[in-house]
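Notes follow the structure.
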Amino acid sequence: MNKVKIENSLTVLLVSDFGKSKKYYESALGCEVNEHWAVRDDFGLGFKLVQAKDLEDVRPNKGTWNTYAYVKTHNELDALYDELKTNGTIIVSEPKVSEFDWGSWKDFSVRDLDGYIIGFGSGSKN
């Protein structure tokens, strides 16, 4: 039996104000947003924003990311960081390189209006 290939996935985020979140994901993160999703780069980055019925339901992960996305090179990561910073995205951590036996990893994090953290990273093998 052949396995079906999954084409993409979306992170579901309960948000406190759909209208404000929609505007932020469009202007700061460069996503196309409608009533069904917020996506960028053909679902390379994808979210389903859902208006929370109760503000207590808006619960970002504590101490880690809610979503993590990858780009191919450190140069692309730097360009993405510059783009997002210029767009007014809330920066949580600046780009930082970590060295490993196999090479280097570079990443940074941003957050949305409800405190959801989105990490972006790239690897470079030795």
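Here the sequence shown stands for residues 156 to 281, where the numbers follow this note's numbering.
Note that beta-carbon positions come from the ideal geometry of N, C-alpha and C, so glycine has one too.
Is it buried or exposed for residue i, if we count other Cβ within 10 angstroms and need 16 for buried?
i	result
residue 257	exposed
residue 272	buried
Once you ignore the five residues that flank residue i on each side, which residues in its own chain have a CB closer than 6 Å to its CB?
i	result
residue 223	274
residue 259	252, 279
Can you tell me which of the three DSSP states residue i falls into?
i	result
residue 160	coil
residue 193	strand
residue 271	coil
residue 234	helix
residue 240	helix
Along the beta strand (DSSP E) that carries residue i, what are the first and last residues, could you check?
i	result
residue 166	166-170
residue 249	245-255
residue 261	258-266
residue 201	200-206
residue 222	222-225
Please list, in chain order, all residues of the same chain as residue i whose beta carbon is under 8 Å from its beta carbon, the five residues on each side excluded.
i	result
residue 166	201, 202, 203, 221, 222
Might you give, ordered along the chain, the residues of its own chain that have their beta carbon closer than 7 Å to the beta carbon of residue i, omitting 5 neighbours on each side?
i	result
residue 229	261, 277, 279
residue 163	198, 201
Check for me: the alpha helix (DSSP H) holding residue i runs from which residue to which?
i	result
residue 174	173-182
Cβ pair count under 8 Å reaching 3, the region 170-186 against the region 203-214: yes
For the pair the region 263-272 and the region 235-255, tell me if three or more CB-CB distances fall below 8 Å. yes
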